[in-house]
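Residue numbers (our numbering): 754 to 1273. Backbone N, C-alpha and C define an ideal beta-carbon position, used for all residues, glycine too. Following: one structure in structure tokens, then a few remarks.
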């Protein structure tokens, strides 16, 4: 009669380790009848996934994971500050070395140079691509992330040094902790856990990690196009974890808004003028600009540009029901941002206008006096900066025409001698996925396994342009699988990632790789 070890290795299980089989064989050998019974059900158990073993491995290495995040946060990889470019290059090198240490095939992809305002050029940080596994019988997933960060200084209002990861009550404070260094590390640690336990990775895993996300992903779109038929050719699914939960309940993200960003420049006299000497005799550019900006949106939030609202996809009953079931407290939301009144009072309307309706936001005026104190000046030229968030079925090219034509028509009615120039500098499309796709079914199963709850299916009000680029160029299915908390303070002072989200998020990624492997 074969031993249990011999039977298991004839069947070649995917996940059961030799040590586990030897232990079972030793324990069961006195009871041969039980062994015979067990052998009858071996086909159902030999490929059982060792979640407990993997999750225990994660729990045993929590401090290692925190230390890895501490080392990454210490690198001031601010992509907006060209003086920090050496730090950014070092961050990309550290990322590549960590992946090489796992046995990954790593390439540092040159994506060109960045032209600075003074006409000089600066090398862009190389994009790190990596591959672990190339089994043609398995699915291949590609994980996107970035390791550059927003600017941060202690004097900006941080309670701690933003580049020294600080643990306070289980919250890990530091710039880039949540956006996006911890999620990138969590994916790496998830793969490492399989390797450390000598378990077969359920899927082939590729990584694409960039260093310019916070400033518009310079050079990345061209690289994706160039790699479409090589690096991306065998990719089945793309996973993005550069977002967060809406509440304390885990979430899967299936949509983001796009963004059209405009400059409206009004130019008048050849130089700034003294308001006492010239006020009342010239038609001031600032007055014109305030007038046309006011014409964009009503006090109740209604967009006044013709054709914008009409392009929005209808709000279906099914979508309304999804929003109704989402865990979201309006009072908590108000308290978090420190206001007493919102544009809408009920959850569904609030979420709908945050996620799936366009909005106009006026961001600032260049050329206007903004320092402390007083200055009696009439600016000769002012530039209003505003954006319109895009949703299905809006098209940025059409929005550009609608906004430009509308503002010129409003300006013409003012009969001003000043000159108006309208420019759209960003035209990012929205992204929307099908929540019925098996990628999302796999995500729901993984969340239920790790957190024992159904995840919320949510959208993001912000823009993650890379999602739409991946979709349009590679034609692959995409899921956003966040582990960041709703209160992580992305781009703000005191950004943090909680230990809980970091560690349980790593377990989520471990489980998700298994669930994706089960997609038929």
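Each residue's CA atom was taken as its position, placing residue 1181 and residue 941 some 29 Å apart. Between the stretch 829-840 and the stretch 809-821, the count of C-beta pairs closer than 8 Å stays below three; the two stretches do not touch. A direct Cα-to-Cα measurement between residue 1008 and residue 1072 gives close to 12 Å. Beyond the five residues adjoining it in sequence on each side, residue 1233 comes within less than 6 Å, by CB distance, of 993, 996, 1006 in the same chain, given in chain order.
The C-alpha of residue 802 lies about 22 Å from the C-alpha of residue 1208. DSSP, reduced to helix, strand and coil, places residue 942 within a helical segment of the structure shown.
Beta-bridge analysis with DSSP links residue 876 to 866. As the crow flies, the alpha-carbon of residue 963 is around 31 Å from that of residue 922. Beta-bridge partners of residue 841 (DSSP): none assigned. The C-beta distance from residue 880 to residue 976 rounds to 6 Å, short enough to meet the 8 Å contact threshold. Residue 1046 and residue 936 have their C-alpha atoms some 39 Å from each other. For residue 1073, the three-state secondary structure derived from DSSP is helix. Distance from the CA of residue 849 to the CA of residue 1060, rounded to the nearest whole angstrom, comes to 47 Å. Three or more pairs of CB atoms, one per stretch, sit closer than 8 Å, so the stretch 1261-1269 contacts the stretch 1192-1202. CA-to-CA, the gap between residue 999 and residue 1212 works out to about 9 Å.
Short of 6 Å from the beta carbon of residue 960, and not among the five residues preceding or following it, lie these beta carbons of its own chain, in chain order: 883, 896.
By the Cβ-count criterion, residue 1037 is buried, with 16 or more other Cβ atoms from all chains shown falling within 10 Å of its own Cβ. For residue 1169, same chain residues with a beta-carbon under 6 Å away, outside a window of 5 residues either side, are 1036, 1041 in chain order.
Residue 809 sits in a helix when the DSSP states are folded into three classes. Residue 1230 is bridged by DSSP to 990. Within 10 angstroms of the beta-carbon of residue 1082 lie fewer than 16 other beta-carbons, which makes it exposed. For residue 1161, the enclosing alpha helix (DSSP H) starts and ends at 1149-1166. Taking a contact as a CB-CB distance under 8 Å, the pair residue 1020 and residue 1166 does not count as one, their CB atoms being some 19 Å apart. When DSSP states are grouped into helix, strand and coil, residue 995 belongs to the coil group. Going by C-alpha positions, residue 1205 is about 14 Å away from residue 1254.
Using a Cβ-Cβ distance cut-off of 8 Å, the stretch 1075-1090 and the stretch 1099-1109 are in contact, since at least three pairs of beta carbons, one from each stretch, lie closer than that value.
When 1227, 1238, 1086, 1185 are compared, the shortest CA-CA separation from residue 982 is found for 1227. Here residue 1183 is buried: its Cβ has 16 or more other Cβ atoms, across all protein chains shown, within 10 Å. When rounded, the separation of the alpha-carbon atoms in residue 1096 and residue 1054 is 7 Å. Annotated three-state conformation of residue 1146 is coil, per DSSP. Secondary structure note for residue 827: it is in no beta strand (DSSP E), with a DSSP letter that is neither H nor E. Sixteen is the threshold: since fewer than 16 other Cβ atoms of the shown chains lie within 10 Å of the Cβ of residue 1151, the residue is exposed.
By a beta-carbon distance limit of 8 Å, residue 931 contacts residue 1241. Their separation comes to about 4 Å. Burial check for residue 1109: the Cβ neighbour count within 10 Å reaches 16 or more, so the residue is buried. Residue 991 and residue 908 have their alpha carbons spaced roughly 39 Å apart. Ranked by Cα distance from residue 1112, the first of 866, 1014, 906 is 1014.
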